[in-house]
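Have a look at the structure below before the remarks.
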Amino acid sequence: MHVTRQISRRTVLKATGAAAGAVGLTPVATPAVAAGGAFVHPGLLHTGADLARMAAEVKAGASPYTAGYAKLTANRHSQSDWTPNPQAVVYRGVELRPRSTWPQNYGILYNDIHAAYQNALRYHVSGDSAHADTAVAILNAWSAKLTKVSGSADRFLAAGIYGYQAANAAELVRDHKDFQLERFQRMLVDVFCSVSEDFLVKHNNGTPAPHYWPNWDLCNMACALATAIFCDDQGKVERAVEYFKHGAGMGSIRHAIPVVHDDGLAEWMEAGRDQGHSLMGVGLMGTFCEMAWNQGIDLYGYDDNRFLKGAQYVAKWSLGGNVPYTPYAQVDRRPGIQTPTQVAPADPAQMRPVWAMIANHYTKRRGLSATYLTRIAAKAAPEGGGGDYGPNSGGFDQLGFGTLAFTRDKEVTAATPTPSASASASDAGSGTRPRTAATATASPAGGGLAATGSGDVVGWAAAAGVTAVAGGVLFLRRRDRVPQGGAR
5 MHVTRQISRR TVLKATGAAA GAVGLTPVAT PAVAAGGAFV HPGLLHTGAD
55 LARMAAEVKA GASPYTAGYA KLTANRHSQS DWTPNPQAVV YRGVELRPRS
105 TWPQNYGILY NDIHAAYQNA LRYHVSGDSA HADTAVAILN AWSAKLTKVS
155 GSADRFLAAG IYGYQAANAA ELVRDHKDFQ LERFQRMLVD VFCSVSEDFL
205 VKHNNGTPAP HYWPNWDLCN MACALATAIF CDDQGKVERA VEYFKHGAGM
255 GSIRHAIPVV HDDGLAEWME AGRDQGHSLM GVGLMGTFCE MAWNQGIDLY
305 GYDDNRFLKG AQYVAKWSLG GNVPYTPYAQ VDRRPGIQTP TQVAPADPAQ
355 MRPVWAMIAN HYTKRRGLSA TYLTRIAAKA APEGGGGDYG PNSGGFDQLG
405 FGTLAFTRDK EVTAATPTPS ASASASDAGS GTRPRTAATA TASPAGGGLA
455 ATGSGDVVGW AAAAGVTAVA GGVLFLRRRD RVPQGGAR
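Residues 5 to 492 (my numbering) are what the sequence shown spells out, left to right.
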């Protein structure tokens, strides 16, 4: 379904300065209207084929889908008796000015969003319409009442995280007869995406972009892309993708992953900060790449599989392994943000539901070896979702349930999204989404990557319940590597 009317005039993103290598985004007044291209729906984190696969595998009693589905059905948010509690204004963050009295009520929003998502996902797997009805009731209640996301600077986190999650929940029920689609689209654009776009342009009223850690950019990038796809807005999609590649903020890929080391691992910028935010960042970048992939844009493979190298780095470190570290102040002399000099401690017991999606993409869709990803995905399985990782906001940063949603059979050859025959050659080469629905075609596996060891086989066996010791180390072709201590 396409938006055929003008939603409103607002500030949107316009990419400029690409030749300089880091794009600055400036506000321009332009109507947010439908792009007119054919988008894949459902087509955010899950496609119709994905949902059909989940349902068929659970019905067949296949492992590990059944374990993943059991995590979903056991979660209190996935029950069809959930009652929403919509708010007119959602606040996140305590304002430092005296006499601020607003309540931090954003927990109400993220609990309701996760209930909508989990009920919608449960409907697609089970076929029980009561869960679809519950998801629709939650989403309709919020779109009828919510007018603003506010608070301290943390309002940008709320807009980004809960905006992309709300779009994903709604995408699963967009064709339900009772779902108020256009009203929900207006809410996404007016309440969530407008705040996210403002952050990516101004980084909180002109604060230098490097002041904010990658997660701030990444969640707002995810909101912008999810909203663009949900509202069939080709221009917004292209701007979000361009920001991923060349944006001035820390969430663009060469800022979030600034150094490729000699061992083929690529340093995650927040590894000097702490493990929790690094896991969050990997999950958000994976979310962005997955949503783009489902619209025919391969960002997973962008810049010689840079995200694979960065995810492998965080996976190895989170498993307790030693990783190289170059202080990013030596890489790019970024002002306004803490400058740790060594990698932070990592607790192998700390888990977030971010690994199944990424590991399955690289090892199953693409046929690449990614030893640390398969090991940590096996350790994290079966992945739960919101409510399974603690009651605070960090336990709701990802929608989760990756074991159920992203487990897939290995491709005989690597799947790559390609534009249709009508797409231009420049679109195909640039990663810009074709204006017709994407299809997957086969290309030779490997993509210039080589590996030693059998860690992937062992890792996925462990995910299926077989105890094994994973071995092997991934060595990536280092065409774009930077020796330790060097600038990118």
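Every residue gets a Cβ at the ideal spot worked out from N, C-alpha and C, and that includes glycine.
Given residue i as reference, the closest of the options once Cα atoms are compared
i	options	result
alanine 350	Val153, Gly399, Tyr304 and Leu283	Leu283
glycine 280	His250, Met355, Thr343 and Thr330	Met355
histidine 277	Phe160, Phe292 and Tyr332	A small fix is needed here, since residue 277 is arginine in this sequence, not histidine. Minimum Cα distance to arginine 277 is reached at Tyr332.
valine 205	Gly167, Phe160, Glu186 and Gly97	Phe160
alanine 228	Glu201, Ala148, Asn208 and Trp106	Glu201
tyrosine 366	Pro328, Gly305 and Tyr329	Gly305
methionine 254	Phe203, Arg126, Pro357 and Gln346	Phe203
histidine 45	Ile257, Ala64, Val93 and Asp179	Asp179
threonine 411	Pro218, Pro328, Gly131 and Leu55	Leu55
proline 352	Pro68, Asn326 and Thr330	Asn326
leucine 49	Met289, Ala382, Ala71 and Thr211	Met289
valine 347	Met361, Val318 and Ala360	Val318
aspartate 182	Tyr166, Ala134 and Ala226	Ala134
isoleucine 261	Gln299, Met295, Asp302 and Trp217	Trp217
threonine 378	Val358, Asn396 and Gly391	Val358
glycine 47	Ser397, Trp297, Ala409 and Met361	Trp297
arginine 126	Pro328, Lys63, Phe43 and Ala42	Lys63
glycine 398	Phe43, Thr51 and Tyr166	Tyr166
alanine 381	Phe400, Gly391, Gly390 and Gln316	Gln316
alanine 124	Gly131, Ser130, Asp132 and Ala136	Ala136
lysine 249	Leu269, Leu222, Thr330 and Asp237	Leu222
cysteine 109	Ala42, Ser67 and Asp158	Going by the sequence as given, residue 109 is asparagine instead of cysteine. Looking at the Cα atoms, Asp158 is the closest of the given residues.
aspartate 132	Lys383, Glu186, Val93 and Ala59	Ala59
alanine 226	Thr211, Val199, Ala92 and Asn208	Val199
leucine 269	Pro212, Tyr329 and Ala71	Tyr329
serine 256	Val193, Leu403 and Ala213	Ala213
asparagine 89	Thr70, Ser147, Gly287 and His215	Ser147
leucine 76	Ala360, Phe400 and Asp392	Asp392
Assumed close pair residue i, residue j - CB separation to whole angstroms, cut-off 8 Å
i	j	result
threonine 407	alanine 374	In fact, because the Cβ distance is near 17 Å, the residues do not count as touching under 8 Å.
alanine 363	tryptophan 321	Incorrect: roughly 16 Å between the Cβ atoms, too far for contact.
glycine 324	tryptophan 272	Not really, about 16 Å apart at Cβ, beyond 8 Å.
alanine 163	phenylalanine 196	5 Å
alanine 394	phenylalanine 405	It should be pointed out that residue 394 corresponds to glycine in this sequence rather than to alanine. With 8 Å as the limit, glycine 394 and phenylalanine 405 do not qualify as a contact, their Cβ atoms being about 16 Å apart.
tryptophan 86	threonine 138	6 Å
alanine 92	lysine 149	6 Å
Residue interval of the alpha helix (DSSP H) (run including residue i)
i	result
valine 140	133–149
phenylalanine 210	In the sequence as presented, phenylalanine is not what sits at residue 210; that position holds glycine. Per DSSP, glycine 210 belongs to the alpha helix (DSSP H) from 198–210.
glycine 287	279–297
isoleucine 380	375–384
valine 245	238–250
lysine 368	That residue, lysine 368, is in no alpha helix (DSSP H); it is neither H nor E in DSSP.
glutamine 189	185–191
lysine 320	306–322
aspartate 116	110–130
isoleucine 257	257–260
proline 1	As shown, the chain starts at 5 and ends at 492. That puts residue 1 outside it, with no answer to give.
glutamine 169	159–175
glycine 391	Looking at the DSSP string, glycine 391 is not in any alpha helix (DSSP H), and its letter there is neither H nor E.
phenylalanine 410	406–410
Residue i - containing beta strand (DSSP E), residue span
i	result
glycine 155	152–155
Contact with chain C by residue i, beta-carbon distance below 9 Å
i	result
glycine 47	Of the protein chains in this structure there is only one, and it is not chain C.
If we count Cβ pairs, one from each stretch, closer than 8 Å, do we get three or more for the segment 355–372 versus the segment 401–415?
Counting C-beta pairs with one atom in each stretch, the segment 355–372 and the segment 401–415 have three or more that are closer than 8 Å, which means they touch.
Let me know the alpha helix (DSSP H) ranges lying completely inside the segment 61–103, each 4 residues or longer, listed in chain order.
Listed in chain order, they are 69–78.
Determine, using beta-carbon pairs with one atom in the segment 79–87 and one in the segment 104–121, whether at least three such pairs fall under 8 Å.
Touching, yes.
Check whether the segment 307–320 touches the segment 235–243, taking contact to mean three or more Cβ pairs, one atom from each stretch, closer than 8 Å.
Taking 8 Å as the limit for Cβ pairs, the verdict is that the segment 235–243 does not touch the segment 307–320.
Report yes or no: do the segment 107–117 and the segment 152–170 share at least 3 C-beta pairs separated by less than 8 Å?
Yes, the segment 107–117 touches the segment 152–170.
Assess, as a yes-or-no matter, whether the segment 125–143 is touched by the segment 164–175 under the definition of 3 or more beta carbon pairs within less than 8 Å.
Verdict: yes, contact present.
I'd like to know if the segment 252–267 and the segment 230–237 are in contact, where contact means that at least 3 CB-CB pairs between them fall below 8 Å.
No: fewer than three Cβ pairs fall under 8 Å.
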